[in-house]
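Peer 1: Below is the structure I would like to discuss, written out as C-alpha cells.
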Amino acid sequence: MTPGKSTKKFDVAVIGLGFVGLPLVVEACRSGLRVLGLEVDSSKVQHLLRGESYIADIADAEITEALEAGFHATVDSSELAEAEAHVICVPTPLKDQVPDLSSLIEAGTAVGDHLSGDELVILQSTSYPGTTQDELQPLLERRSGLRAGEDFYLAYAPERIDPGNTSWGLRNTPKLVAGIDPASTNRAVELLGKVCEQVVVVSNPREAEMAKLLENTYRHVNIALMNEMAIFCRELGIDIWEVIRAASTKPFGFQAFYPGPGVGGHCIPVDPNYLSFRVGQLGYPFRFVELAKEINAGMPAYVVRRATELLNERGKAVNGARVVLFGVAYKPDVADTRETPAEPVARKLLALGARLGFVDPHVEKFLVDGVPIERLDPADDPIDGDLGILLTPHRAFEWTKLAAAVDILLDTRGLVPADLCERL
Ligand SMILES: NC(=O)c1ccc[n+]([C@@H]2O[C@H](COP(=O)([O-])OP(=O)(O)OC[C@H]3O[C@@H](n4cnc5c(N)ncnc54)[C@H](O)[C@@H]3O)[C@@H](O)[C@H]2O)c1
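FYI, in numbering that gives the first Met the number 0 the residues of the sequence shown are 0 to 423.
Here's what the structure looks like:
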C-alpha cells in the first residue's frame, strides 16, 4: 500500500449521520477535510442539503458552514468509491434483547463494495469485542476481494460523545484508536488526529471495543448502586443526596453517581447488553450487568409507587388525578427521548387512570404506545396538577415555579430544595 497517492474527491466518508456521525462531519469539515456523508434516511439528507440540522447540539449555521467547506450528503452508496477513508457510525441496537448488527452489516457491505485498495476503514459504532475483526473485516474482504492489512487499512475507534455536554465534545474528548496492525493504527491516528486534540492508541481493536463497553457498564452499575441505596435510604430516613455530597469530599477513590427515575438513551440501557451477550456465549452470565439492569429497569415502577403513596397520604387516588411530568427527554437539555424512563413511568400512570400532561422545553411530541401525552407549555397554559414529577432536570426549569404549579412535587433527582418537594 502506498498512502497519500489517491486522487479521490473526498478525504473521508461518514456513514450514518446521526448523533455520532453528524458532529464528526462538522468537525472534519472544520479541520479542512473534504467530507462525504452517506445516510439511508433520505429526509435527513434533504435537511442537510437545505442547511438544516436535526440534532440539538448542532446549529443550522454549522451545517451551512460544512456545506460551504464542500460537505456533500447522499443516499447513494456508489459515491463511497470517491472516498479515501470510511468512518462507520451506524446504530447498533438490540432486537429481542440481542445485538442487532444489521445496520453495521449493511454499511460494511456498502463500504466493501466500493473499496479499490489503499483506503482506511474505521468502525465507530459501539459493539461487543471482536466485531471489528470477526464481523466487519471478513465482510469487507468478501465484498471487495481485498485483504485487510495488505490492501486496505482497518481500525476501531469508539465514540464517546455525550449529547448536551457543553464542556466535553468530539474535539476535546480523548479518542481511543486501535488498528488491526500498526499501519492501520497509524493511518487512523493521522485522520482522527485532525479532528480530535488527543488520540490514545490501544494495541488491539478488541481492547478498544471492550474499553467502550467498560465505560458504559461502569456507569450502568454505579447508577444502579445509587438507585438501590436511594430506596433503602428513604426508608431509613437518610438523605441519599447529602450522603453522596459528603462522600464526594474524599479527594480519591470515590466518584459520584446519582439515583434517578431509571436510565435512558443508548449508552447505558443498551450497550452493556452487547457485553452480556458476548459473555453469555462463554456459557455464564455477566452478573453485574444483569443486576444493574434489574435495578435500573425497576426505577420507573418505584417512581409510580412513590407517586401513589404521596397522593394517598393526601386522601387522593392516582385514578383521576392530574399528574404532570416535568422533563421527558432521557437526560437534561436534550430533545432525545430514546429509552427514556419517562415512558414506562407514563405508561404505568396511564394504566392507573392518571390524567397526564408533560412539560419539556426540548420535546414537542411525547407518545406512549402510540398515544400522545398532552404537551403543556408554561407560557400559554396554566399548569396545575395534583402531582408533578420532576424526571429530567432541564436547565430551563425553575424549581419554585415547578413546585408552585402542583399540589405535590416529587423530585426524583434530589435537586429541588427539600422544603418545596417530596423526594424519591
Ligand atoms: N448517541 C450517543 O450518544 C452515542 C455515543 C457514543 C457511541 N454511540 C454509538 O454510535 C453508534 C451510532 O449511534 P447514533 O446515536 O449516532 O445513532 P443514530 O440513530 O442517531 O444515527 C445513526 C444513523 O445511521 C443511519 N443509518 C443506519 N443504517 C445505515 C446505513 N446502512 N448506511 C448509512 N446510514 C445508516 C441512520 O438512519 C441514522 O441516521 C451506535 O453504535 C451507538 O451505540 C452513540
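Ideal Cβ placement from N, Cα and C applies to all residues, glycine included.
Less than 8 Å between C-beta atoms, sequence neighbours within five positions excluded: which residues of the same chain meet that for Gly192?
Peer 2: Numbered from its first residue, the sequence shown carries residue 192 at position 193. Correct list, in chain order: Val198.
Peer 1: Just to confirm the assignment, what range does the beta strand (DSSP E) spanning Tyr152 have?
Peer 2: The sequence position of residue 152 within the sequence shown is 153, counting from 1. First-last of the beta strand (DSSP E) with Tyr152: Tyr152 to Tyr155.
Peer 1: Go to Lys174, then tell me how far its beta strand (DSSP E) extends in each direction, as first and last residue.
Peer 2: In the sequence shown, the residue the question calls residue 174 occupies position 175. Start and end: Lys174 to Gly178.
Peer 1: For ligand 1, any of its heavy atoms closer than 8 Å to the Cβ of Ser275?
Peer 2: For the purposes of this step, residue 275 is taken as the residue at position 276 of the sequence shown. No, ligand 1 has no heavy atom inside 8 Å of this Cβ.
Peer 1: May I have the straight-line CA-CA distance separating Leu423 from Ala229, to the nearest angstrom?
Peer 2: Taking the first residue of the sequence shown as 1, we reach residue 423 at position 424. Taking the first residue of the sequence shown as 1, we reach residue 229 at position 230. Roughly 7 Å between the two C-alpha positions.
Peer 1: Which residues in the same chain as Gly263 place their Cβ atom closer than 6 Å to its Cβ, once the five residues preceding and following it in sequence are excluded?
Peer 2: Working through the sequence shown from its first residue, we reach residue 263 at position 264. Tyr329, Glu338, Thr339 and Pro340.
Peer 1: Would the beta-carbon of Ile230 be found less than 8 Å away from any heavy atom of ligand 1?
Peer 2: Here residue 230 is taken as the residue at index 231 of the sequence shown, counted from 1. Outside the cutoff, so no.
Peer 1: In angstroms with no decimal places, state the Cα-to-Cα distance between Asn215 and Met209.
Peer 2: Position 216 of the sequence shown, counting from 1, holds the residue named residue 215. Position 210 of the sequence shown, counting from 1, holds the residue named residue 209. Cα to Cα, the separation comes out at about 10 Å.
Peer 1: When you compare the CB positions of Val86 and Val39, do they come within less than 9 Å of one another, or not?
Peer 2: The residue you call residue 86 lines up with position 87 of the sequence shown. The residue you call residue 39 lines up with position 40 of the sequence shown. Contact flag unset, no.
Peer 1: Tell me which residue opens and which closes the alpha helix (DSSP H) that Thr216 is part of.
Peer 2: Residue numbering aside, residue 216 sits at position 217 when the sequence shown is read from its first letter. It spans Pro204 to Glu234 - the alpha helix (DSSP H) in which Thr216 sits, taken as one unbroken run.
Peer 1: Within the continuous beta strand (DSSP E) that includes Leu119, where are the two ends?
Peer 2: For the purposes of this step, residue 119 is identified with residue 120 of the sequence shown, where counting begins at 1. Per DSSP, Leu119 belongs to the beta strand (DSSP E) from Leu119 to Leu122.
Peer 1: Just verifying my parser: in three-state terms, what is the DSSP assignment at Phe276?
Peer 2: Counting from one through the sequence shown, the residue named residue 276 turns up at place 277. Three-state result, Phe276: helix.
Peer 1: Only counting the same chain, and skipping five residues up and downstream in sequence, which positions put a Cβ closer than 8 Å to that of Ala300?
Peer 2: As a first step, residue 300 is located in the sequence shown; it is residue number 301 there, counting from the start. Answer for Ala300: Pro343 and Lys347, listed in chain order.
Peer 1: Less than 9 Å between the C-beta atoms of Leu389 and Gly326, yes or no?
Peer 2: Numbered from 1 along the sequence shown, position 390 holds the residue referred to as residue 389. Numbered from 1 along the sequence shown, position 327 holds the residue referred to as residue 326. Yes, they are a contact pair.
Peer 1: Please find out if some non-hydrogen atom of ligand 1 comes closer than 8 Å to the beta-carbon of Leu16.
Peer 2: Taking the sequence shown and counting its residues from 1, the one referred to as residue 16 is at position 17. Yes, the Cβ of Leu16 comes within 8 Å of a heavy atom of ligand 1.
Peer 1: Measuring only from the beta carbon, is Asp111 closer than 8 Å to any heavy atom that is part of ligand 1?
Peer 2: Counted from its first residue, the sequence shown places residue 111 at position 112. Residue identity check: residue 111 is Gly in the sequence provided, not Asp. No, the Cβ of Gly111 stays beyond 8 Å of every heavy atom of ligand 1.
Peer 1: Is there at least one non-hydrogen atom of ligand 1 closer than 8 Å to the beta-carbon of Leu213?
Peer 2: Locating residue 213 in the sequence shown gives position 214, counting from the first residue. Result no, Cβ not under 8 Å from ligand 1.
Peer 1: Relative to ligand 1, is the shortest distance from any of its heavy atoms to the C-beta of Arg412 smaller than 8 Å?
Peer 2: Sequence index remark: in the sequence shown, residue 412 carries index 413 (1-based). No - ligand 1 has no heavy atom lying nearer than 8 Å to the Cβ of Arg412.
Peer 1: What separation, rounded to the nearest whole angstrom, lies between the Cα atoms of Ala404 and Phe357?
Peer 2: Counting from one through the sequence shown, the residue named residue 404 turns up at place 405. Counting from one through the sequence shown, the residue named residue 357 turns up at place 358. Roughly 12 Å separates the two Cα atoms.
Peer 1: So, for Gln123: in the same chain, excluding its five sequence neighbours on each side, which residues have a beta-carbon less than 7 Å away from its beta-carbon?
Peer 2: In the sequence shown, the residue the question calls residue 123 occupies position 124. Correct list, in chain order: Val19, Val86, Ile87, Cys88, Ala156, Pro157 and Glu158.
Peer 1: Does the Cβ-Cβ distance between Ala223 and Ala291 come in under 9 Å?
Peer 2: Taking the sequence shown and counting its residues from 1, one reaches residue 223 at position 224. Taking the sequence shown and counting its residues from 1, one reaches residue 291 at position 292. Against a cut-off of 9 Å, the Cβ pair of Ala291 and Ala223 comes out as a contact.
Peer 1: So does the stretch 101–112 actually touch the stretch 133–147, counting three or more Cβ pairs closer than 8 Å?
Peer 2: With the cut-off at 8 Å, the stretch 101–112 and the stretch 133–147 touch.
Peer 1: Secondary structure at Ala255, three-state DSSP: helix, strand or coil?
Peer 2: As a working note, residue 255 is residue 256 in the sequence shown. The answer is coil: DSSP assigns Ala255 none of H, G, I, E or B.
Peer 1: Spell out a yes or no on whether the stretch 379–394 and the stretch 275–282 are touching, meaning 3 or more CB-CB pairs, one atom from each, closer than 8 Å.
Peer 2: No, the stretch 379–394 is not in contact with the stretch 275–282.
Peer 1: Determine the closest residue to Thr91 out of Gly15, Gly50, Ala255 and Leu32, with distance taken between C-alpha atoms.
Peer 2: Sequence index remark: in the sequence shown, residue 91 carries index 92 (1-based). Comparing Cα positions, the closest option is Gly15.
Peer 1: Can you give me the C-alpha to C-alpha distance between Glu289 and Ser202, rounded to a whole angstrom?
Peer 2: Within the sequence shown, numbered from 1, the residue matching residue 289 stands at position 290. Within the sequence shown, numbered from 1, the residue matching residue 202 stands at position 203. Taking the straight line from one Cα to the other gives about 29 Å.
Peer 1: Are the beta-carbon atoms of Leu190 and Val34 separated by less than 9 Å?
Peer 2: Numbered from 1 along the sequence shown, position 191 holds the residue referred to as residue 190. Numbered from 1 along the sequence shown, position 35 holds the residue referred to as residue 34. Against a cut-off of 9 Å, the Cβ pair of Val34 and Leu190 comes out as no contact.
Peer 1: Within its chain, find whatever has a CB closer than 7 Å to the CB of Tyr53; leave out the 5 residues flanking it on each side and keep chain order.
Peer 2: Counted from its first residue, the sequence shown places residue 53 at position 54. If we look at Tyr53 and ignore the five residues flanking it on each side, its Cβ neighbours are Lys43 and His46.
Peer 1: What's the call for Pro260, buried or exposed, on a 16-neighbour Cβ count within 10 Å?
Peer 2: Here the question's residue 260 lines up with position 261 in the sequence shown. Flag for Pro260 reads buried.
Peer 1: According to DSSP, is Leu66 part of a helix, a strand, or is it coil?
Peer 2: On the sequence shown, position 67 is the one that residue 66 refers to. Of the three classes helix, strand and coil, the one that applies to Leu66 here is helix, per DSSP.
Peer 1: In or out: Gly3 buried (at least 16 other Cβ within 10 Å) or exposed?
Peer 2: Along the sequence shown, read from residue 1 onward, the residue named residue 3 stands at position 4. Residue confidence for Gly3 is low, a pLDDT of 49 falling below 50, so the modelled location carries little weight; the figure read from the coordinates is stated next. Exposed, since its Cβ has fewer than 16 Cβ neighbours within 10 Å.
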